[in-house]
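Asks:
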Ligand code: SOE
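Numbering (our numbering), first residue to last: 36 to 419.
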């Protein structure tokens, strides 16, 4: 995998994630010493007017309305998939076969079968690939990884993660269509398990290693919703809420919970790890802080420290402003594309690759199987 001097990007999808990725493509070279130049070559969306407006606003040179045309373009080196989940597999396989680098929004796919096809395609073609699990690159979360890798926690006993939202409580909210495809199981694959828990699982396995077995429960609180595209009231197939227990390969125990029915919470992703010597807590609503407790501190001053992760020696922060000034959500995507390119320049691949993200698919698959069977389910492991 060699990196050209100029990487010409073809973006598919111009929604929330199309904006987050485009912002990252534009900013990365301003703040990070990139090994190549990024060119916003073409954006693809089904609605030509919207795609043109997006291209103008973000500076894409060309517009396509059929993703197949975008993937075939000789002037595109990297295909970035930011369209709904039901399109990921087909586009990724075609892009890999066309020899393009492929970036894909999370979750990798709607199910394991699609995800495995995608991994096989990028690996067979030998093209660079990565999935946008962006929360790993919140500096406070990256710092947590550093502290864990330094052995500061000692043996880990507990991992606890939650992702709470409240935007689907109204029974009048329809399902399907542009903004609401996350509620349509045929498009999304699953509900909060693939959309929110997938984030928690990706971070958890990055910080604490593989998950080996799970037992889960899910609930669909609103059983029928009008479908925006058909106009009919149709059954709801997604999980509105999911909670599961898990065991990690390192012997630690975990609880995970996600819901779109936690009134008052918009995107409350929290994680906590309790080790023999120390504990860590992080909260997306206060994302620049890492809470750290170290039992080895002198007794009279022992207590939770709230580390303001904004100093020059904190992960990524030297590239931004001066110590004490915060960054936010959008910067995680900037970090991710900068890492992707600099890893390629070293002849490596930045994580999570499609194969790394397949490990998350195996966990979400076991979670949904367990919710259906009512039993503990083993988690398949990826071949490294
Ligand atoms: C859902 O509301 C959502 O936008 C997810 O799809 C994103 O992945 C998450 O980061 C924020 O919430």
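We put the beta carbon where it would ideally sit given N, CA and C, even for glycine.
Because the structure is a prediction, the values reported are computed rather than measured.
1) For residue 86 versus residue 45, is the C-beta spacing smaller than 8 angstroms?
2) Starting from the C-beta of residue 138, find all residues in its chain whose C-beta is less than 6 angstroms away, skip the five residues before and the five after it, and write them out in chain order.
3) Using a threshold of 8 angstroms, state whether the C-beta atoms of residue 249 and residue 157 are closer than that.
4) Rounded to the nearest angstrom, what separates residue 383 and residue 109 at their Cα positions?
5) When you compare only the Cα positions, how much space is there between residue 404 and residue 287?
6) Runs of 4 residues minimum, wholly inside the segment 179-210: which ones carry the alpha helix (DSSP H) assignment?
7) In the DSSP output, which residue or residues are listed as bridge partners for residue 328?
8) Output the residue ranges of the beta strand (DSSP E) runs that lie fully inside the segment 94-170 and measure 3 residues or longer, sorted by chain position.
9) Can you tell me whether residue 261 is helix, strand or coil according to DSSP?
10) Strictly under 8 angstroms for the Cβ-Cβ distance: is residue 164 near chain C by that measure?
11) To the nearest angstrom, how far is the alpha carbon of residue 338 from that of residue 328?
12) Please go through the same chain and pick out, in chain order, the residues whose beta-carbon is closer than 7 angstroms to the beta-carbon of residue 233, but skip the five residues on each side of it.
13) Would residue 389 pass as a contact of residue 154 if the rule is Cβ separation under 8 angstroms?
14) Let me confirm a value: residue 380 is counted as buried when at least 16 other C-beta atoms fall within 10 Å, else exposed. Which label applies?
15) Who does residue 279 pair with in a DSSP beta bridge?
16) Could you pull the DSSP bridge partners for residue 305 from this structure?
17) Where does the unbroken beta strand (DSSP E) through residue 18 begin, and where does it stop?
18) So which of 352, 344, 93, 218 has the shortest CA-CA distance to residue 119?
19) Checking the sheet assignment: what are the DSSP bridge partners for residue 45?
Replies: Based on what the coordinates show:
1) no
2) Cβ neighbours of residue 138 within its own chain (closer than 6 angstroms, five residues either side excluded): 115, 165.
3) No.
4) 25 angstroms
5) Straight across, the Cα-Cα distance linking residue 404 with residue 287 is about 22 angstroms.
6) none
7) 314
8) 97-99, 113-116, 136-139, 164-166
9) strand
10) Absent from the structure is chain C; it holds one protein chain and no more.
11) 6 angstroms
12) Correct list, in chain order: 141, 142, 395, 399.
13) Yes. Within cutoff.
14) exposed
15) 251, 291
16) 197, 318
17) With the chain covering 36 to 419 only, the question about residue 18 has no answer from this structure.
18) 218
19) 77, 114
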